[in-house]
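First up is the structure itself, then whatever we jot down about it.
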Amino acid sequence: MDDHPLINRAFRNVLLHLRNESHLSQEALARICDISRTHISRLETCNESTTLETIQKILSGTKTSWSEFGSLMEQSMINLGKRIEIRQVAEPNGPKWYEK
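Numbering (the working numbering), first residue to last: 16 to 115.
If you want it as structure tokens, here you go:
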């Protein structure tokens with residue numbers, strides 16, 4: 016199982032989809048979006064989380080609307096959720112979600 020958070024894996028899948036649909040290398044996307052290639056790579060390997068500002072740059076660079084991005088994220092979360100079991104456990108400080 017992938018140890019990275021589900022949301023990061025969903026974003027990775029969407030980022031890869033957008034980059035591939037635009038026929039862009041990591042370097043080309045980074046140049047268009049004014050983001051470092053290393054940052055793109057770290058997002059694609061789930062070694063960093065993203066910010067709304069970075070998402071906006073990526074969406075502008077790939078000519079993707081926020082609504083399309085939302086749909087892609089939702090579908091990615093659904094697809095990933097089918098492959099893993101998510102369970103909630105009561106803990107002293109409130110409920111926690113765990114992936115199996």
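Cβ coordinates follow ideal geometry from the N, Cα and C atoms, glycine included.
Where the alpha helix (DSSP H) through residue i begins and ends
| i | result |
| --- | --- |
| His32 | Leu21 to Glu36 |
| Leu44 | Gln41 to Cys48 |
Helix, strand or coil at residue i [DSSP, three-state]
| i | result |
| --- | --- |
| Asn62 | coil |
| Lys78 | coil |
| Glu116 | Residue 116 lies beyond the range of the chain shown here (16 to 115); nothing can be said about it. |
| Ser91 | helix |
| Ser56 | helix |
| Ser86 | helix |
| Met16 | Residue placement at Met16 is flagged as unreliable, the pLDDT there being 46, under the threshold of 50; the coordinate-derived value follows with that caveat. Coil at Met16, not helix or strand. |
Cβ distance (whole Å) where residue i is taken to contact residue j below 8 Å
| i | j | result |
| --- | --- | --- |
| Leu30 | Glu59 | 6 Å |
| Leu67 | Ile55 | Actually they are not in contact, since the Cβ atoms of Leu67 and Ile55 sit about 17 Å apart, beyond 8 Å. |
Near the ligand PLP: residue i beta-carbon under 7 Å from a heavy atom
| i | result |
| --- | --- |
| Gly96 | The ligand PLP is absent from the structure shown, which contains no ligand whatsoever. |
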